[in-house]
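Trainee: First the structure, which I've put down as structure tokens, then a few questions once you've had a look.
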Amino acid sequence: MRVFSIPMSTRFRGVTRREGVLVRGPAGWGEFSPFAEYGPEEAARWLAAAREAAFVGWPAPVRDRVPVNVTVPAVGPERAFAMVRASGCRTAKVKVAERGQGDADDMARVEAVRDALGPQGRVRVDVNGGWDVEHAVRMVRALDRFDLEYVEQPCGSLEELAAVRLRVDVPVAADESIRRAEDPLRVKAAGAADVAVLKVQPLGGVRAALRVAEATGLPVVVSSAVETSVGLAAGVALAAALPELPFACGLGTLSLLTGDVVDDPLVPVGGEIAVRRPAVDEVALAAAEAGAEAAASWRARLAAAEKVLAAAGDGASGYLGSLPSAGAAGRTGRAGDAAGEGVVR
-4 MRVFSIPMST
6 RFRGVTRREG
16 VLVRGPAGWG
26 EFSPFAEYGP
36 EEAARWLAAA
46 REAAFVGWPA
56 PVRDRVPVNV
66 TVPAVGPERA
76 FAMVRASGCR
86 TAKVKVAERG
96 QGDADDMARV
106 EAVRDALGPQ
116 GRVRVDVNGG
126 WDVEHAVRMV
136 RALDRFDLEY
146 VEQPCGSLEE
156 LAAVRLRVDV
166 PVAADESIRR
176 AEDPLRVKAA
186 GAADVAVLKV
196 QPLGGVRAAL
206 RVAEATGLPV
216 VVSSAVETSV
226 GLAAGVALAA
236 ALPELPFACG
246 LGTLSLLTGD
256 VVDDPLVPVG
266 GEIAVRRPAV
276 DEVALAAAEA
286 GAEAAASWRA
296 RLAAAEKVLA
306 AAGDGASGYL
316 GSLPSAGAAG
326 RTGRAGDAAG
336 EGVVR
């Protein structure tokens, strides 16, 4: 087990350093990096995903490359323009509704992104639940002058998403309403979304996310949780295993970090990421190693999440499913291979 701490290249939703734990098993490395506000119950899903990566592996891919978007944080229009141009991507996800900023800041940023992409590029905005219904309706209509592909999580609740969806012409995507929900399938029953944004760690692993994708019946966008290449590889594996992939994925996020833990990072080339699993580099990992205080905090979080999974046992319900414990690494690695043919390592 190794604890990492990597500075962000720019402040992103209040986060200035990305921290987490890397665990190693027979199938490779897995990443456990729930955000600070996640308690043990939610963090347990992230641990389940790390165990799947380390001890089981992932389903075989059906494609060898994954199209990705560039993610534009709440920066000024000049930097937003430069980030998009430098990325080589033809789709951009623009963060809006940043605390301390206003609607005019969002409009200027999205306009700069549209200018950088040109008329053929695709622009989507991510609100992270930051608006109420009336604000969302007003801003989505205003921002649609830039021809939005969709608006992601404009409001916090399913009921609000459904209300916005009825009043705007732009498709609505659900993120937090899936990954932070006790029942991620409620989004479909509520008529709250046109698109499902799925993230591997918060949903408990690649297989769990595939089950959610199938059950919702919605078009899927695979996105990252601002991870190292170890965590991103799981997102790439999910995107590569989906039967259909109609949208560019939000997996081109390494530019938001100042470092990584592998020798060949998962960065997009020409707007795509090759489906592969890069090797962890000991030199890079040592450079990213967290200090003693942060490491102790992460060991405590890992232990708390471990208790949640242990309490769930083999009868864990819903989309978490049952996955091997860290102590079972030697017993479950090959059993996991036998259970799923074509495991990706």
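Each residue of the sequence shown is one higher than the last, beginning at -4 in the working numbering. Positions of the beta carbon are idealized from the N, C-alpha and C atoms, including for glycine.
So, using beta-carbon positions, are P54 and R202 closer together than 8 angstroms?
Mentor: Locating residue 54 in the sequence shown gives position 59, counting from the first residue. Locating residue 202 in the sequence shown gives position 207, counting from the first residue. Cβ distance < 8 angstroms, so P54 and R202 count as in contact.
Trainee: Does the Cβ-Cβ distance between L213 and A188 come in under 8 angstroms?
Mentor: Position 218 of the sequence shown, counted from the start, is the residue given in the question as residue 213. Position 193 of the sequence shown, counted from the start, is the residue given in the question as residue 188. Contact: yes.
Trainee: Restricting to runs no shorter than 3 residues, where is the beta strand (DSSP E) found entirely within the stretch 92 to 169?
Mentor: As far as the stretch 92 to 169 is concerned, its whole beta strand (DSSP E) runs of at least 3 residues are 117 to 121, 143 to 147 and 167 to 169.
Trainee: Which residues mark the beginning and the end of the alpha helix (DSSP H) in which K183 is found?
Mentor: To locate residue 183, count along the sequence shown from 1; it is residue 188. Run containing K183: R181 to A184, per the alpha helix (DSSP H) assignment.
Trainee: How is the alpha helix (DSSP H) around V207 delimited, first residue to last?
Mentor: Here residue 207 refers to the residue found at position 212 of the sequence shown. First-last of the alpha helix (DSSP H) with V207: V201 to T211.
Trainee: Starting from the C-beta of S0, find all residues in its chain whose C-beta is less than 6 angstroms away, skip the five residues before and the five after it, and write them out in chain order.
Mentor: Counting from 1 along the sequence shown, the entry for residue 0 is found at position 5. Taken in chain order, the residues that qualify are R12, E14, A285 and A289.
Trainee: Checking the sheet assignment: what are the DSSP bridge partners for L304?
Mentor: Indexing the sequence shown from 1 puts residue 304 at position 309. L304 is not bridged to any residue.
Trainee: Between which two residues does the beta strand (DSSP E) containing S0 stretch?
Mentor: Position 5 of the sequence shown, counted from the start, is the residue given in the question as residue 0. That run of the beta strand (DSSP E) goes R(-3) to F7.
Trainee: Find out if the Cβ-Cβ distance for the pair D258, T223 is shorter than 8 angstroms.
Mentor: The residue you call residue 258 lines up with position 263 of the sequence shown. The residue you call residue 223 lines up with position 228 of the sequence shown. Contact: no.
Trainee: Classify V215 as helix, strand or coil using the three-state DSSP reduction.
Mentor: What you label residue 215 is simply residue 220 of the sequence shown in a count that begins at 1. V215: strand per DSSP, three-state reduction.
Trainee: Do you know how far the Cα of C150 is from the Cα of E144?
Mentor: On the sequence shown, position 149 is the one that residue 144 refers to. On the sequence shown, position 155 is the one that residue 150 refers to. Distance between the alpha carbons of E144 and C150 is about 17 angstroms.
Trainee: Does the Cβ of E47 have 16 or more other Cβ atoms within 10 Å, making it buried, or fewer, making it exposed?
Mentor: One-based indexing of the sequence shown puts residue 47 at position 52. With 16 or more other Cβ atoms within 10 Å, it is buried.
Trainee: Could I get the ranges of all uninterrupted beta strand (DSSP E) runs contained in the stretch 216 to 276, with 3 residues as the minimum, in chain order?
Mentor: Complete beta strand (DSSP E) runs here, min 3: 244 to 247 and 267 to 269.
Trainee: Does D178 pass the burial test, meaning 16 or more other C-beta atoms within 10 Å, or should it be called exposed?
Mentor: Numbered from its first residue, the sequence shown carries residue 178 at position 183. It is exposed - the Cβ of D178 has fewer than 16 other Cβ atoms within 10 Å.
Trainee: I'd like to know whether the C-beta atoms of G245 and K88 end up nearer to each other than 8 angstroms.
Mentor: Taking the first residue of the sequence shown as position 1, residue 245 is located at position 250. Taking the first residue of the sequence shown as position 1, residue 88 is located at position 93. Yes. Within cutoff.
Trainee: From V270 to P197, what does the alpha carbon distance come to, in whole angstroms?
Mentor: Numbered from its first residue, the sequence shown carries residue 270 at position 275. Numbered from its first residue, the sequence shown carries residue 197 at position 202. Cα to Cα, V270 sits roughly 21 angstroms from P197.
Trainee: What do you get for D164, buried or exposed, if any count of 16 or more other CB atoms within 10 angstroms of its CB means buried?
Mentor: In the sequence shown, residue 164 corresponds to position 169, counting from 1. That one is exposed.
Trainee: At which residues does the beta strand (DSSP E) containing R12 begin and terminate?
Mentor: Counting from one through the sequence shown, the residue named residue 12 turns up at place 17. R12 -> beta strand (DSSP E) spans V10 to G20.
Trainee: Buried or exposed: where does L318 fall if 16 or more other Cβ atoms within 10 Å of its Cβ makes it buried?
Mentor: To locate residue 318, count along the sequence shown from 1; it is residue 323. Confidence is the limiting factor: at L318 the pLDDT is only 36, short of 50, which leaves the residue's position unreliable, though a coordinate-based value still follows. Burial call: buried.
Trainee: Let me know the secondary structure DSSP gives V51 once reduced to three states.
Mentor: Translated into the one-based positions of the sequence shown, residue 51 becomes position 56. V51: helix per DSSP, three-state reduction.
Trainee: What separation, rounded to the nearest whole angstrom, lies between the Cα atoms of A137 and R181?
Mentor: As a first step, residue 137 must be located in the sequence shown, where it is residue number 142. As a first step, residue 181 must be located in the sequence shown, where it is residue number 186. So the two alpha carbons sit approximately 29 angstroms from each other.
Trainee: For L249, which residues of its own chain have a beta-carbon under 6 angstroms away from its beta-carbon, when the five flanking residues on both sides are left out?
Mentor: Reading the sequence shown from its first residue, position 254 is the one you call residue 249. The answer, listed in chain order, is P260 and V262.
Trainee: If you draw a straight line from the alpha carbon of V303 to that of A39, how long is it in whole angstroms?
Mentor: Position 308 of the sequence shown, counting from 1, holds the residue named residue 303. Position 44 of the sequence shown, counting from 1, holds the residue named residue 39. Taking the straight line joining both Cα atoms gives about 6 angstroms.
Trainee: Spell out the partners DSSP gives G23 in its beta bridges.
Mentor: In the sequence shown, residue 23 corresponds to position 28, counting from 1. DSSP output for G23 lists G20 as bridge partner(s).
Trainee: Please go through the same chain and pick out, in chain order, the residues whose beta-carbon is closer than 8 angstroms to the beta-carbon of R60, but skip the five residues on each side of it.
Mentor: The sequence position of residue 60 within the sequence shown is 65, counting from 1. Answer for R60: E267, I268, A269 and V270, listed in chain order.
Trainee: Near R80, which residues of its chain fall below 8 angstroms by C-beta distance, leaving aside the five closest residues on each side in sequence?
Mentor: Sequence index remark: in the sequence shown, residue 80 carries index 85 (1-based). Only A111 meet the Cβ criterion.
Trainee: Using the Cα positions of D127 and E155, report the straight-line distance between them to the nearest angstrom.
Mentor: Taking the sequence shown and counting its residues from 1, one reaches residue 127 at position 132. Taking the sequence shown and counting its residues from 1, one reaches residue 155 at position 160. The straight-line gap from Cα to Cα measures roughly 7 angstroms.
Trainee: For E32 and D170, what's the separation of their Cα atoms in angstroms?
Mentor: As a working note, residue 32 is residue 37 in the sequence shown. As a working note, residue 170 is residue 175 in the sequence shown. Looking at the two C-alpha atoms, the distance is approximately 16 angstroms.
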